Amino acid sequence: MSEQSVSEKRLQAAVPAQEALSAPGADRLGRLSHRAFYAIVIAMTLTGVTLAVQSGVIALVMGAHPGIPADLWIFPFRCAHYVISRLLMGLVLLHLAGVAYHTFHLRDHLLRRMSFGRRHHEPVNPATARPRP
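In our numbering, the protein residues as written are 122 to 254.
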């Protein structure tokens, strides 16, 4: 049997069914946070590339010897890049809080549902699971 790559496993695996959460607005917050990840990562990349071009770092990487300023805060995109980095850190912390909520409070095996391999939803052990309000 040949080893499959991660992308091959992902393409062949069934998509797990969406489960409604017990907290009002939690489903919407989940969808919003995933979209925010895409937007923030794209913005982080764009401001980083722009900052690298403005500061001469791209030219340095390409083999030139430009004068790199001692402080990158003189560039306007440095402030935007900093703010976006803090938003990204906050979103990561929010995501980790969601993982902890699912793992320790709901005990709904969310991480198991997101992993590769078998995609069937295993029943939750009633002795260890907390009932949803």
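Cβ coordinates follow ideal geometry from the N, Cα and C atoms, glycine included.
None of these values were measured; they are calculated from a predicted model.
Top-ranked residue by Cα proximity to residue i, from the options
i	options	result
V220	R207, R234, L209, L208	R234
L172	P190, H226, R149	P190
A164	S236, E129, L227, A201	A201
L64	P145, I195, F196, S154	As displayed, the chain neither begins before 122 nor continues past 254, which places residue 64 out of reach and without an answer.
G188	P197, F196, I195, V178	V178
Y222	G151, S126, E129	G151
V162	H186, E129, Y203	Y203
P197	V174, E124, A185, D148	V174
Extent of the continuous alpha helix (DSSP H) to which residue i belongs
i	result
D148	147 to 176
H202	197 to 221
M235	231 to 235
Residue i, buried or exposed, once every other Cβ within 10 Å from all chains shown has been counted against 16
i	result
T168	buried
D229	buried
Contact belief for residue i with residue j at Cβ below 8 Å, rounded distance in angstroms
i	j	result
L193	S206	With a Cβ gap of about 13 Å, L193 and S206 do not count as contacting.
L217	T224	The pair is not a contact, with the Cβ atoms about 10 Å apart (cut-off 8 Å).
Discussion item. Count Cβ pairs between the stretch 205 to 224 and the stretch 157 to 169 that sit closer than 8 Å; are there 3 or more?
Written reply: yes
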